[in-house]
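Chains as they are written, first to last, in our numbering: chain R, 63 to 231; chain F, 623 to 745. Below you'll find the structure, written out as C-alpha cells, and then a few comments.
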Amino acid sequence: MQSQTKTKFIATSAMFVCLALVFSYVEVLVPFSVGIPGVKLGLANLVIIIALYEMDFKYAFVINAIRIVIAGLLFSGLFGMMYSIAGGLLSILVMWALKKTGLFSMIGVSMAGGLAHNLGQLLVAAFLVSNLKMFIYFPVLMFSGIGSGILIGIVSYIIDKKLPKYLFR
Amino acid sequence: MFKVIKKADIILFFVLVILSSIITAVAFGGAEKGSTVEVTVDGKLYGTYSLDKDQTIEIKQDKATNKITIKDGQVQMSDSTCKNQICVEAGAICETNQSIVCLPNKVMIEIVGGEGGFDAVAN
Chain R
63 MQSQTKTKFI
73 ATSAMFVCLA
83 LVFSYVEVLV
93 PFSVGIPGVK
103 LGLANLVIII
113 ALYEMDFKYA
123 FVINAIRIVI
133 AGLLFSGLFG
143 MMYSIAGGLL
153 SILVMWALKK
163 TGLFSMIGVS
173 MAGGLAHNLG
183 QLLVAAFLVS
193 NLKMFIYFPV
203 LMFSGIGSGI
213 LIGIVSYIID
223 KKLPKYLFR
Chain F
623 MFKVIKKADI
633 ILFFVLVILS
643 SIITAVAFGG
653 AEKGSTVEVT
663 VDGKLYGTYS
673 LDKDQTIEIK
683 QDKATNKITI
693 KDGQVQMSDS
703 TCKNQICVEA
713 GAICETNQSI
723 VCLPNKVMIE
733 IVGGEGGFDA
743 VAN
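Quick look at the structure:
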C-alpha cells in the first residue's frame, strides 16, 4: 500500500471512530429500546459496516475495538464494556466471514452481525450470571438483533452509495 | 433499492430465524422441568422429594390428613380431608415454580429446579 493511501486510511479511521462514538452517545441520549435491556438499534454498527466494505477488515476491527473501549469507559462502565467486547468481536468476525463469501449483500451481512452481537452478549451473560431469568431475554434479543441488523444494513447501503469515494482511495 | 437483497440474504434470514427459534425452544424447555418437590406444612419445611421416584407421602396432622402422590415425574395431591378439595382438583404439576396449596390443612407442595434456580444476582 502506498504511504499516501495509508495516511488517508488512518485519517478516515480516526474520523470513523469519532463518528461511531457519536452514534453510541446518541443511543445513550435517545434510547430506542422498548424497555428491555440490550435491545438497541446499534447505530455505531453503521460505521463499522461501511469501514468493513470500503476499507478493510483490519481497519474496521480497530475502529470497532477503539469505539467499544472508549464508549465503555464513557457511558456504560467496565462491566458493560465486557458485554460490548464480546458482542463486538463476534459480530465483526461473523460479518467479515460472510462478506468474504461474496454471497450476501450488505443487508444480509448486517443482519447476521446484529444477531451475532446479541449472541455474544448473551454468552457473556450466561458466563457471568448462571441464572435462568436471563433466558427470558433470549428470544427478544435474538429477533431484535435480526430486525435491527436488517434496518442498519439498509441504511448503511444507502449511505455507502452516497459517501464520496475519495475518502477511501 | 430492493434489488440489492440477494437470494442468499433471504435464505440466511430464514436460517437465522429458525435457529433462534430452536435455541429459544431449547432454552425454555430445559429451564421449565423441575426436579424436586418441596412439601411445607404450616410454614415449616416438611420434606424434599425427588420427582423421579414414584412414591406416596402421607402427612398426618391433628385432624387432617393429606396424601401426596409422585408418579411419572409429576406430583399431585391425591387425597385430602379438607372441605373444599381445591388442592385435589388442582391436578398434577411438574414445572418449576408451580405449586399446589391446601389452605385448610396448611399444606403446600412446591416444585423447585434442579440446580441453581433463581437467585438474587439477576438484579
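For each residue, glycine too, the CB sits at the ideal point set by N, CA and C.
Are the CB atoms of residue i and residue j nearer to each other than 8 Å?
| i | j | result |
| --- | --- | --- |
| residue 657 of chain F | residue 634 of chain F | no |
| residue 668 of chain F | residue 677 of chain F | no |
| residue 139 of chain R | residue 157 of chain R | no |
| residue 637 of chain F | residue 688 of chain F | no |
| residue 166 of chain R | residue 625 of chain F | no |
| residue 646 of chain F | residue 119 of chain R | no |
| residue 71 of chain R | residue 117 of chain R | yes |
| residue 151 of chain R | residue 180 of chain R | no |
Under 8 Å between C-beta atoms, does residue i make it to chain F?
| i | result |
| --- | --- |
| residue 230 of chain R | no |
| residue 170 of chain R | yes |
| residue 121 of chain R | no |
| residue 165 of chain R | yes |
| residue 208 of chain R | yes |
| residue 200 of chain R | yes |
Do you know offhand how far residue i's Cα is from residue j's?
| i | j | result |
| --- | --- | --- |
| residue 67 of chain R | residue 215 of chain R | 27 Å |
| residue 78 of chain R | residue 153 of chain R | 18 Å |
| residue 102 of chain R | residue 210 of chain R | 8 Å |
| residue 685 of chain F | residue 717 of chain F | 31 Å |
| residue 146 of chain R | residue 170 of chain R | 21 Å |
| residue 724 of chain F | residue 709 of chain F | 5 Å |
| residue 207 of chain R | residue 135 of chain R | 24 Å |
Cα-Cα, which of the options is closest to residue i?
| i | options | result |
| --- | --- | --- |
| residue 223 of chain R | R:188, R:168 and R:180 | R:168 |
| residue 681 of chain F | F:713, F:675, F:703 and F:721 | F:703 |
| residue 691 of chain F | F:683, F:713 and F:630 | F:713 |
| residue 131 of chain R | R:121, R:142 and R:122 | R:142 |
| residue 825 of chain F | R:161, R:123, R:204 and R:105 | An answer regarding residue 825 of chain F cannot be provided, because it is not within the stretch 623 to 745 covered by chain F. |
| residue 675 of chain F | F:697, F:707, F:727 and F:661 | F:697 |
Which residues in chain R sit within 7 Å of residue i, going by Cβ to Cβ distance?
| i | result |
| --- | --- |
| residue 721 of chain F | Near residue 721 of chain F there are no residues of chain R at all, since even the closest Cβ is about 17 Å away, more than 7 Å. |
| residue 725 of chain F | Under the 7 Å cutoff, chain R gives no residues; its nearest Cβ is about 29 Å from residue 725 of chain F. |
Closer than 8 Å, CB to CB, is residue i near chain R or not?
| i | result |
| --- | --- |
| residue 626 of chain F | yes |
| residue 667 of chain F | no |
| residue 634 of chain F | yes |
Who are the neighbours of residue i on chain F, taking C-beta pairs under 9 Å?
| i | result |
| --- | --- |
| residue 204 of chain R | 638, 639, 641, 642, 643, 645 and 646 |
At 8 Å on the CB atoms, spell out the chain R contacts of residue i, in chain order.
| i | result |
| --- | --- |
| residue 631 of chain F | 166, 167, 169, 170 and 173 |
What residues from chain F crowd round residue i, counting only those whose CB sits closer than 8 Å?
| i | result |
| --- | --- |
| residue 177 of chain R | 638 and 642 |
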